[in-house]
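Notes follow the structure.
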Amino acid sequence: MTLSLRLGELAHVVIASSTYVQKVFWRLNELDKVKDISHLTEYEPRLDPTVIPLSTSSDAPIPLTDLPSPTTQISNYHTCADYHAAYTSGKFTPSDVVEYLLPLIRRDTEPAGPYSVAFINSNVELVCAAAKASTQRYRDGHPLSVLDGIPLAVKDEVHMTGYKRRLGSKVDFSDPKDRTAWCVQKWQEAGGVVIGASNMHEAGLDTTNNNQTWGTPLNPHNNGYYTGGSSGGSAFSVASGLCPIALGVDGGGSIRLPSAFCGIYGLKPSHGRISSRVGLEYTDSVSTPGPLACSLDDLALAYRIMAQPDPNSHRSGRFPNPLTESAQTTQETKKKYIGIDRAWLNRSDSVVLDLFNAAVDHYVNTQGYEVVDIKIPLLPDGQKAHALTILSESRSHLTPDKVKKLSWHNQLLLSVVGTHAQAQDFIFSQKLRNLLMCHLAWLWEEYPGMVILTPTTPCAGWKIGKPSDLTSGYGVSDSDMSLKSMEYVYLANFVGTPAISCPMGYTDANVPVGLMAMGEWGSEEQLIAFGKEGEGLFTKEGGIRRPQGEKMWVDVLAAISAGQ
Numbered sequence: 001m002t003l004s005l006r007l008g009e010l011a012h013v014v015i016a017s018s019t020y021v022q023k024v025f026w027r028l029n030e031l032d033k034v035k036d037i038s039h040l041t042e043y044e045p046r047l048d049p050t051v052i053p054l055s056t057s058s059d060a061p062i063p064l065t066d067l068p069s070p071t072t073q074i075s076n077y078h079t080c081a082d083y084h085a086a087y088t089s090g091k092f093t094p095s096d097v098v099e100y101l102l103p104l105i106r107r108d109t110e111p112a113g114p115y116s117v118a119f120i121n122s123n124v125e126l127v128c129a130a131a132k133a134s135t136q137r138y139r140d141g142h143p144l145s146v147l148d149g150i151p152l153a154v155k156d157e158v159h160m161t162g163y164k165r166r167l168g169s170k171v172d173f174s175d176p177k178d179r180t181a182w183c184v185q186k187w188q189e190a191g192g193v194v195i196g197a198s199n200m201h202e203a204g205l206d207t208t209n210n211n212q213t214w215g216t217p218l219n220p221h222n223n224g225y226y227t228g229g230s231s232g233g234s235a236f237s238v239a240s241g242l243c244p245i246a247l248g249v250d251g252g253g254s255i256r257l258p259s260a261f262c263g264i265y266g267l268k269p270s271h272g273r274i275s276s277r278v279g280l281e282y283t284d285s286v287s288t289p290g291p292l293a294c295s296l297d298d299l300a301l302a303y304r305i306m307a308q309p310d311p312n313s314h315r316s317g318r319f320p321n322p323l324t325e326s327a328q329t330t331q332e333t334k335k336k337y338i339g340i341d342r343a344w345l346n347r348s349d350s351v352v353l354d355l356f357n358a359a360v361d362h363y364v365n366t367q368g369y370e371v372v373d374i375k376i377p378l379l380p381d382g383q384k385a386h387a388l389t390i391l392s393e394s395r396s397h398l399t400p401d402k403v404k405k406l407s408w409h410n411q412l413l414l415s416v417v418g419t420h421a422q423a424q425d426f427i428f429s430q431k432l433r434n435l436l437m438c439h440l441a442w443l444w445e446e447y448p449g450m451v452i453l454t455p456t457t458p459c460a461g462w463k464i465g466k467p468s469d470l471t472s473g474y475g476v477s478d479s480d481m482s483l484k485s486m487e488y489v490y491l492a493n494f495v496g497t498p499a500i501s502c503p504m505g506y507t508d509a510n511v512p513v514g515l516m517a518m519g520e521w522g523s524e525e526q527l528i529a530f531g532k533e534g535e536g537l538f539t540k541e542g543g544i545r546r547p548q549g550e551k552m553w554v555d556v557l558a559a560i561s562a563g564q
């Protein structure tokens, strides 16, 4: 076994360092073929997919203290409403919660906490101080909002004061001034208690969340499957009951994939809507922060608070403020449309298609939607163009010495693009982005308010191949499965539209499967409302299913109430 592992690692070293092998990978993936697509010369390159919706209101923002309280309906999870009710009644306090959670999630203790694999670090001093301040506010009868005292996890990709930012690697990518990103700052200003920086797939460059450096969290519903990535630690922390809300970052499905695999909700907002700014503007053209949550009400609460416009951001600062009465009211249209590209949809596995068709029937028969057949051109080519774009942008942030400290798989990915991509390849990818955005804009003119519906992934989870995939020094690499898992999610990243993933059912192996709705630019509230209309799918089950196995679910509120 030791010899085979060493040979495997040697193979990865050779691949990552060989220009010839990299060239083979480049040609096999046909990333150089995008520039050969006919008619692309008629389009200008679109380097930034941000589309600012017109504001229909000048209403003043709603004070945080006046935000509607989340409900506990259609969820077997403990939601913000449950925590808030317990704090308000004096049953227990935010300090009680963090005192219970910290021994579970800390990895700097001996032994490490049983759920520490979900977190890279917890700054105990900061966590306890935030909980203490929240506890005092409740005692004084003046909580800042319904988010006050709620435990939150934040993906290691996002800057936070008091935490090193590692992107799930051994490398330190921290802000020299040790600042907190705007979106996290908004949560904290509302009283949220960040309990730690959550685990992620190294550099966000794959969809399993297999992490050789910090460990691999297992799917709480079925430990034989991955959580999905790259925001896998955030999804695990919500799905296992550690916290009702977590922050992720989505550059190619990294919020929606783990949300689907772990049976929770995830929202990828419009590009540029959520500011993650610390100092210079966040420049990637495909990535955006967004929330993961155990219920739609919690998802909406988290989104509305974190999406407050950043006046120092040339993107976020131009969006309407979601904390207005009008912004929280979905504009009704005469007809409600579901758009389905049948050829694209049929790339899903049969078990996923069965659940998807049942979900569509629910929306048509109980919510009055009309299904329209649509065609989206050049989808396989679009995925190649997205891959070239995200890898090029990721590579631009990394110096050669930092690349060498990443896993061999990520060194290969970044070296293939960094060494072999030409400016023409990148520019023509952005021309294709423009073509796709123009086509989608035309579809939304034809069918106002339409949601484009697909499964979140065409596969029911990602099964762990063998135990050594979790323990070897070079992890797991399956480019075919990676591309398959991203089949539907990549498009919203590439064209900048919002998309939501909601649970739509479970396989016989108890693996959750997600339903994804993609809306027009700026339609986050419509997507949240669409998700609410789908809650009836789980009426007979009493709500979305929480993990059932031993040590897969942490009943935080029951444990504290029992004095554990």
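Numbering (the UniProt record's numbering), first residue to last: 1 to 564.
Glycine included, each C-beta is placed from N, C-alpha and C at the ideal position.
Quick caveat, the model's predicted, so the values are computed rather than measured.
**Under the three-state DSSP convention, the category Pro377 falls into** = By one-based count along the sequence shown, residue 377 stands at place 377. In this structure, Pro377 counts as coil in the three-state DSSP scheme.
**Message:** Once the 5 residues before and after Ile37 are set aside, which same chain residues still bring their CB inside 8 Å of it?
**Reply:** On the sequence shown, residue 37 is found 37 positions in, with the first residue counted as 1. Contacts found: Leu378, Asp381, Phe428 and Leu432.
**Exposure label - Thr454; buried when at least 16 CB within 10 Å** = Against the sequence shown, residue 454 aligns to sequence position 454. With 16 or more other Cβ atoms within 10 Å, it is buried.
**Message:** I need the boundaries of the beta strand (DSSP E) containing Val158, first residue and last residue.
**Reply:** Within the sequence shown, the letter at position 158 stands for residue 158. Here Val158 belongs to no beta strand (DSSP E), and DSSP marks it neither H nor E.
**Item:** Ser501 beta carbon less than 8 Å from that of Gly266
**Value:** As a first step, residue 266 is located in the sequence shown; it is residue number 266 there, counting from the start. As a first step, residue 501 is located in the sequence shown; it is residue number 501 there, counting from the start. Cβ distance < 8 Å, so Gly266 and Ser501 count as in contact.
**Asked** What runs of the beta strand (DSSP E), each 3 residues or longer, lie entirely inside the segment 262–316?
**Response** 265–268 and 288–293
**Message:** Across the segment 287–306 and the segment 520–532, are there enough close Cβ pairs to call them in contact, namely three or more that are closer than 8 Å?
**Reply:** yes
**Request:** For my contact list, Met160 and Val184 are in at a C-beta cut-off of 8 Å; report their separation, rounded to the angstrom.
**Result:** Taking the sequence shown and counting its residues from 1, the one referred to as residue 160 is at position 160. Taking the sequence shown and counting its residues from 1, the one referred to as residue 184 is at position 184. Sure, about 6 Å apart at Cβ, within 8 Å.
**Item:** Cβ-based burial, Ala562 [other Cβ within 10 Å; buried from 16]
**Value:** Within the sequence shown, residue 562 is the residue found at index 562, counting from 1. Result: exposed.
**Message:** Please state the DSSP three-state secondary structure of Ala197.
**Reply:** To locate residue 197, count along the sequence shown from 1; it is residue 197. Reduced to three states, the DSSP call for Ala197 is strand.
**Message:** Is the beta carbon of Pro258 closer than 8 Å to that of Ser231?
**Reply:** Position 231 of the sequence shown holds residue 231. Position 258 of the sequence shown holds residue 258. Against a cut-off of 8 Å, the Cβ pair of Pro258 and Ser231 comes out as a contact.
**Request:** Report all residues from its chain with a CB closer than 7 Å to the CB of Lys35; omit the five preceding and five following residues, and keep chain order.
**Result:** Taking the sequence shown and counting its residues from 1, one reaches residue 35 at position 35. Cβ neighbours of Lys35 beyond the five flanking positions: Gln424, Asp425 and Phe428.
**Prompt:** When DSSP builds the beta bridges, which residues end up paired with Ser501?
**Reply:** Here residue 501 refers to the residue found at position 501 of the sequence shown. Looking at the DSSP assignment, Ser501 forms a beta bridge with Gly266 and Met516.
**Message:** Taking DSSP's pairing of strands, which residues face Asp250 in a bridge?
**Reply:** On the sequence shown, position 250 is the one that residue 250 refers to. Its beta-bridge partners are Thr288.
**Beta-carbon spacing of Arg347, Pro512 below 8 Å** = Here the question's residue 347 lines up with position 347 in the sequence shown. Here the question's residue 512 lines up with position 512 in the sequence shown. In this structure, Pro512 does not lie closer than 8 Å to Arg347 by Cβ.
**Message:** For Tyr363, report the span of its alpha helix (DSSP H) as first-last.
**Reply:** If you number the sequence shown from 1, residue 363 lands on position 363. Per DSSP, Tyr363 belongs to the alpha helix (DSSP H) from Ser350 to Gln367.
**Message:** As an exercise, report each continuous alpha helix (DSSP H) stretch of at least 4 residues that is fully enclosed by the segment 116–161, in chain order.
**Reply:** 124–140
**Request:** Rounded to whole angstroms, what's the CA-CA distance from Gly8 to Phe261? Just pull it up for me.
**Result:** Numbered from 1 along the sequence shown, position 8 holds the residue referred to as residue 8. Numbered from 1 along the sequence shown, position 261 holds the residue referred to as residue 261. Residue confidence is low: Gly8 scores 47 on pLDDT, short of 50, so the model does not pin down where it sits. Its coordinate-derived value is still stated next. Distance between the alpha carbons of Gly8 and Phe261 is about 29 Å.
**Message:** Can you check which of these residues, Glu42, Pro143 and Lys132, is closest to Thr65 by C-alpha distance?
**Reply:** The sequence position of residue 65 within the sequence shown is 65, counting from 1. Closest option to Thr65, Cα to Cα, is Pro143.
**Message:** Could you compute how far the alpha carbon of residue 579 sits from the alpha carbon of Glu157?
**Reply:** The shown model of the chain, from 1 to 564, leaves out residue 579, and the question about it has no answer.
**Message:** Please give me, in chain order, every unbroken run of the alpha helix (DSSP H) with length at least 4 that falls completely inside the segment 445–509.
**Reply:** 468–471, 479–485 and 490–495
**Message:** Tell me which residues share the same chain as Ala181 and place their Cβ nearer than 6 Å to its Cβ, disregarding the 5 neighbours each side in the sequence.
**Reply:** In the sequence shown, counting from the first residue as 1, residue 181 sits at position 181. Result list for Ala181: Val158, His159, Ser276 and Val278, in chain order.
**Message:** So the candidates are Gln548, Val495 and Thr507; which of them puts its Cα closest to the Cα of Thr50?
**Reply:** Position 50 of the sequence shown, counted from the start, is the residue given in the question as residue 50. With distances taken between Cα atoms, Thr50 lies closest to Val495.
**Request:** With DSSP as the reference, label Leu412 as helix, strand or coil.
**Result:** Residue numbering aside, residue 412 sits at position 412 when the sequence shown is read from its first letter. Leu412 falls in the helix class under three-state DSSP.
**Prompt:** Can the beta-carbon of Asn312 be found less than 8 Å from the beta-carbon of Pro45?
**Reply:** Counting from one through the sequence shown, the residue named residue 312 turns up at place 312. Counting from one through the sequence shown, the residue named residue 45 turns up at place 45. Not in contact: Asn312 and Pro45 (Cβ atoms no closer than 8 Å).
**Message:** DSSP three-state label for Ile91, please.
**Reply:** Position 91 of the sequence shown holds residue 91. The question names Ile, but residue 91 is Lys in the sequence shown. DSSP places Lys91 in coil when its eight states are reduced to three.
**Prompt:** Is it right to say Thr539 is buried, meaning 16 or more other beta carbons lie within 10 angstroms of its own, or is it exposed?
**Reply:** The residue labelled residue 539 in the question sits at position 539 within the sequence shown. Looking at its Cβ environment, which holds fewer than 16 other Cβ atoms inside 10 Å, Thr539 is exposed.
**Asked** First and last residue of the alpha helix (DSSP H) that includes Lys186?
**Response** For the purposes of this step, residue 186 is taken as the residue at position 186 of the sequence shown. Where Lys186 is concerned, the enclosing alpha helix (DSSP H) stretches over Trp182 to Glu189.
**Request:** Count the other CB atoms, across all protein chains shown, that sit within 10 Å of the CB of Pro509; report buried if there are 16 or more and exposed otherwise.
**Result:** Here residue 509 refers to the residue found at position 509 when the sequence shown is read from its first residue. According to the sequence displayed, residue 509 carries Ala and not Pro. Exposed, because fewer than 16 other Cβ atoms sit within 10 Å of the Cβ of Ala509.
**Request:** Put Lys335 into one of helix, strand or coil per three-state DSSP.
**Result:** Looking up residue 335 in the sequence shown gives position 335. Of the three classes helix, strand and coil, the one that applies to Lys335 here is coil, per DSSP.
**Item:** Secondary structure of Glu110, DSSP reduced to three states
**Value:** By 1-based counting over the sequence shown, the position of residue 110 is 110. Coil.
**Request:** Check each candidate in Trp521, Gly449, Cys80 and His420 and name the one with the smallest Cα separation from Leu31.
**Result:** Taking the first residue of the sequence shown as 1, we reach residue 31 at position 31. Selected option, being the one with the closest Cα: His420.
**Backbone secondary structure at Glu30 - three-state DSSP** = Here residue 30 is taken as the residue at index 30 of the sequence shown, counted from 1. Glu30: coil per DSSP, three-state reduction.
**Request:** Use the C-beta contact count for Trp521: other C-beta atoms within 10 angstroms, 16 or more gives buried, fewer gives exposed.
**Result:** For the purposes of this step, residue 521 is taken as residue 521 along the sequence shown, with counting starting at 1. Label assigned to Trp521: buried.
**Prompt:** Tell me which same chain residues have a C-beta within less than 7 Å of the C-beta of Asp250, skipping the five on either side of it?
**Reply:** Within the sequence shown, numbered from 1, the residue matching residue 250 stands at position 250. So the list reads Arg256, Lys268, Ser287, Thr288, Gly290 and Asn493, once near-sequence residues are dropped.
**Item:** Alpha-carbon to alpha-carbon, Gly253 and Val489
**Value:** Here residue 489 is taken as the residue at index 489 of the sequence shown, counted from 1. Here residue 253 is taken as the residue at index 253 of the sequence shown, counted from 1. The alpha-carbon atoms of Val489 and Gly253 are separated by roughly 5 Å.
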